[in-house]
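Numbering (full-length UniProt numbering), first residue to last: 1 to 448. Even glycine gets a Cβ: it sits at the ideal position worked out from N, Cα and C. Given the structure is predicted, the values throughout are model-derived calculations rather than measurements. Just below is one structure, and these are the notes that go with it.
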Amino acid sequence: MGNIYEEIMDEIQSRIEDRRLQPGKKLPSVRSFAKELNCSINTIVKAYSELEKAHQIYSVPKSGYFLVGSDAPRKTQPLIIDFSSAGPDKSKMPYQDYQHCMNQAIELYKEEMFQYSEPLGLTSLRRQLSKQLQDLQVFAPPERICVVSGSQQALDLLVSLPFPNQKEEICVEQPTHFSFIDSITSRGMKAVGIEMSQNGIDLDYLEKVFKERSIKFFYTVSRFQNPTGYSYTNQEKRKIVELAQKFDVYIIEDDYMGDLDTKRKADPMFTYDPSGRVIYTKSFSKVLLPGLRLGLAVLPEALLKNFTKAKFAADVHTPVLTQGALEIYLSSGMYKAHIHKLRRQYKRKGTVLKQAYLEHLPDGTSFTGGESGFYSTIELPGRMKAMQLAEHLKKKNVLVQDATNMYLPAYRKNNRIRLSVSQVEDRKIPIGVRKIGDGIRELAQSYI
Ligand SMILES: Cc1ncc(COP(=O)(O)O)c(C=O)c1O
């Protein structure tokens with residue numbers, strides 16, 4: 001985390017950009033600014049002296065600090081706050097450790113790393129994954145674990161695979177992430193959406209859908225859902241599994257960020273499943289390195305054979321070298337140490353974000369997933385359109401994602417934006433959210 005005086009400098013920078021501070025005009029006094037920003041006088045003095053050194057402000061004895069005029073020698077860099085980048089924080093990615101594991105894998109396994117291999121993944125890696133999954137309360141033998149080229153590959157294959165219940169439709173939370181929407185639409189599958197709000201989903205409605213429609217599986221992201229950031233309670237998860245059991249529906253539980261959960265008592269749905277009805281998927285993209293394209297699926301016996309065929313048809317197998325390196329990364333304890341650190345960092349981001357939402361969002365606006373250190377959404381007031389707000393905020397150097405395409409065409413809503421805080425420094429989160437709050441208020445005027 002940066003120093004507090006740097007936060008103050010960012011705040012001043014942002015006031016210059018939106019012209020709350022103007023060239024030649026006086027800055028707030030040291031004392032009043034310290035009070036306003038809830039920090040010490042020394043911190044403001046330090047921030048002002050840094051800006052003075054950079055010739056952005058100047059001091060007049062007994063009078064205070066002033067912003068330099070328009071002929072300022074140094075042009076201020078715009079402070080861009082990017083809530084639209086969906087990937088993990090690049091500064092927290094263990095590139096060097098993984099490089100070391102790749103080298104080790106070549107030394108240890110030699111040419112095996114460059115030969116054709118098993119469609120469902122290296123046996124030694126699957127054994128390691130089986131051990132690792134126990135930390136997430138997922139108990140599965142290596143034979144049921146399939147290594148895939150990103151968890152999206154498993155989802156995409158399952159979308160079009162026939163299921164033992166011989167049903168045809170897919171039930172899916174709305175909104176959900178782009179790539180799953182694309183799988184459904186590009187494969188021409190029939191789908192039923194179930195709305196996800198700040199309170200999760202309506203379980204009575206889910207029961208009705210399971211009962212009345214021909215649902216092959218319910219695709220659910222059980223924690224830190226993308227985009228809403230919602231995590232189901234254990235009670236909700238248990239109920240969903242019971243309903244699936246009762247109405248002969250499969251569940252695909254996408255636990256792509258389960259490792260980041262700090263609630264150690266939170267179980268995956270997989271734990272509540274007595275009969276192989278829950279297919280569990282996990283990704284290494286958000287917690288490790290997305291370009292590795294590594295994920296896994298835990299499959300029931302009944303689906304293994306068909307899935308293996310489909311996986312072979314798709315890409316024969318996932319690249320072996322990255323699998324070998326993952327095995328070493330897991331077995332050496334590097335993964336555990338890395339996750340331990342990430343969990344704390346993302347939790348802190350979530351806390352900062354929620355506080356900023358509570359402070360800066362105007363009435364009539366609601367948010368989901370404020371505590372997720374990754375994704376969350378803001379539902380806009382009245383008839384305000386997400387696309388318009390995203391454009392408006394772009395002019396203020398704040399980038400957000402319009403969530404309209406995260407809905408199936410038949411369920412589309414255009415009043416939600418997604419924020420991803422994973423790549424935004426903690427100190428910039430409140431500044432960005434305040435600008436979003438201001439942007440919503442400004443745009444609301446044009447709807448009156
Ligand atoms: C909820 C969710 N599941 C799965 C995926 C796919 O991840 P992977 O990179 O493992 O294919 C994504 C990608 O963003 C996602 O958001």
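Looking from the CA of residue 262, the closest CA among 311, 320 and 371 belongs to 371. Going by DSSP, residue 205 is part of the alpha helix (DSSP H) stretching over 203-212.
Relative to ligand 1, residue 314 has its C-beta separated by 8 Å or more from all heavy atoms. Here the C-alpha atom of residue 239 lies approximately 40 Å from the C-alpha atom of residue 81. Per the Cβ contact rule, the region 246-257 is in contact with the region 206-219 (3 or more Cβ pairs under 8 Å). DSSP, read as helix, strand or coil, puts residue 58 in strand. Secondary structure within the region 140-195: the beta strand (DSSP E) runs of 3 or more consecutive residues, fully enclosed, are 145-148, 169-174 and 191-195 (chain order). Counting the other Cβ atoms within 10 Å of the Cβ of residue 225 gives 16 or more, which makes it buried. The closest heavy atom of ligand 1 lies 8 Å or more from the beta carbon of residue 397. Residue 10 sits in a helix when the DSSP states are folded into three classes. By the neighbour-count criterion, in which 16 or more other beta carbons inside 10 Å mark a residue as buried, residue 117 falls on the buried side. The DSSP-derived three-state label of residue 4 is helix.
One Cα belongs to residue 153, the other to residue 316, and the distance between them is close to 12 Å.
Of all alpha-carbon atoms in 198, 358, 165 and 259, the one lying nearest the alpha-carbon of residue 232 is that of 198.
Of the heavy atoms belonging to ligand 1, none sits nearer than 8 Å to the Cβ of residue 369. Residue nearest to residue 382 within the set 392, 363 and 375 is 363 (criterion: CA-CA distance). In this structure, 174 is the residue among 190, 174, 321 and 442 with its C-alpha nearest to the C-alpha of residue 221. Chain order is used for the residues whose beta-carbon lies nearer than 5 Å to a heavy atom of ligand 1, namely 150, 151, 152, 177, 221, 226, 254, 256, 283, 285 and 295.
For residue 297, DSSP records a beta bridge to 146 and 281. The DSSP-derived three-state label of residue 354 is helix. Between residue 170 and residue 181, the beta carbon gap of about 11 Å keeps them out of contact (Cβ cut-off 8 Å). For residue 402, the beta-bridge partners assigned by DSSP are 417.
Here the alpha carbon of residue 305 sits roughly 11 Å from the alpha carbon of residue 312. Counting C-beta atoms within 10 angstroms of its own C-beta, residue 55 has fewer than 16 neighbours from the protein chains shown and is therefore classed as exposed. Per DSSP, the unbroken beta strand (DSSP E) holding residue 64 starts and ends at 64-67. Short of 6 Å from the beta carbon of residue 187, and not among the five residues preceding or following it, lie these beta carbons of its own chain, in chain order: 159 and 160. Between residue 438 and residue 352, the C-beta gap is not smaller than 9 Å, which leaves the two residues out of contact. Taking the C-beta atoms as reference points, residue 257 is found nearer than 9 Å to residue 374.
In the structure shown, the three-state DSSP call for residue 262 is coil.
Ranked by how close their Cα comes to the Cα of residue 324, the residues 406, 110 and 49 have 110 in first place.
Distance between residue 424 and residue 4, taken at the CA atoms: about 16 Å.
With contacts defined as CB atoms closer than 9 Å, residue 147 and residue 288 fail to qualify as a contacting pair.
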